[in-house]
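> Residue numbers (the working numbering): 58 to 313.
Note that CB positions come from ideal geometry on N, CA and C, so glycine has one too.
Quick look at the structure:
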């Protein structure tokens, strides 16, 4: 899994900035962070502060203090970080679909969601797992029809499954996500298919490999739990074999 930073540290740094108020310069933040055992490395602090600024938790301004570099002063904005999600965000993660550049929206998250996000083309994008959950949730609420695009990722990419499932439960689409995963497993485990054999076999091979990895780590047991919420279950039941297998096949590049 990609490296993620520590949500507790991000929250502690936010509190330090609030305590320092007008004197929240980079040097003072680093001194206080070291004093309270939050962190000591200035490069790591830069990463956290950049995330907090891009996530609209903090703002930064510069002040001329007569040195070569202007002093940076940080101030508090909000305890609700903001990140971008949407189809364009999924495209940044490798979604093999042409989507409009405008298909990105800003949503609130928590500090865990913030530290898992990443900066792409100057935009702070939520983690792949959070992007997937938000897209499933939007389709379940508004019928956008984009769940097959989510399936394209679910069926072909190894994900942080415990985090993905926990986020789904928090947004009350836990049952929906589990149903999607079980439907994929049932389809690729079947001995019968109406999809072209090369496409079906490519999807089958990829997802069964992922399922084995999840099982070996004990994570697939989470899929067998009931899950939270009843939102969108009917829409998943209505998905056809073509919706699921061809979406994954396109992601793998074995069908148009």
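#1: Within the continuous beta strand (DSSP E) that includes residue 140, where are the two ends?
#2: Check residue 133 in the structure and name its three-state DSSP category.
#3: Given a threshold of 16 other Cβ atoms within 10 Å of its Cβ, counted over all protein chains shown, does residue 147 qualify as buried or as exposed?
#4: How many angstroms separate the CA atom of residue 266 from the CA atom of residue 88?
#5: Between which two residues does the beta strand (DSSP E) holding residue 182 run?
#6: Tell me which residues share the same chain as residue 311 and place their Cβ nearer than 7 Å to its Cβ, disregarding the 5 neighbours each side in the sequence.
#7: Where does residue 305 fall in DSSP's three states?
#8: Would you call residue 80 buried or exposed, if buried means 16 or more other Cβ atoms sit within 10 Å of its Cβ?
#9: Which of the three DSSP states is assigned to residue 230 in this structure?
#10: Here's a check: name, in chain order, each residue in its chain whose Cβ is nearer than 7 Å to the Cβ of residue 279, leaving out the five neighbours to either side.
#11: Might you give, ordered along the chain, the residues of its own chain that have their beta carbon closer than 7 Å to the beta carbon of residue 309, omitting 5 neighbours on each side?
#12: Inspect the CB distances between the stretch 281-295 and the stretch 230-237 and report whether three or more fall short of 8 Å.
#13: Does the distance from the C-beta atom of residue 203 to that of residue 183 stay below 8 Å?
#14: Report the rounded CA-to-CA distance for residue 82 versus residue 112, giving the unit in angstroms.
To lay it out plainly:
#1: In this chain, the beta strand (DSSP E) harbouring residue 140 covers 139-142.
#2: Note: residue 133 maps to strand in three-state DSSP.
#3: Buried, by the Cβ-count rule.
#4: If you draw a straight line from the Cα of residue 266 to the Cα of residue 88, it comes to about 48 Å.
#5: Bounds of the beta strand (DSSP E) holding residue 182 are 180-182.
#6: Excluding residues within five positions, the ones whose Cβ falls inside 7 Å are 255, 256 and 259.
#7: The answer is helix: DSSP assigns residue 305 an H, G or I state.
#8: Its Cβ having fewer than 16 others within 10 Å, residue 80 is exposed.
#9: In this structure, residue 230 counts as coil in the three-state DSSP scheme.
#10: Cβ within range, chain order: 218, 219 and 222.
#11: Contacts found: 213, 259, 260 and 263.
#12: They touch, by the three-pair rule.
#13: At least 8 Å separates the beta-carbon of residue 203 from that of residue 183.
#14: One C-alpha to the other measures close to 19 Å.
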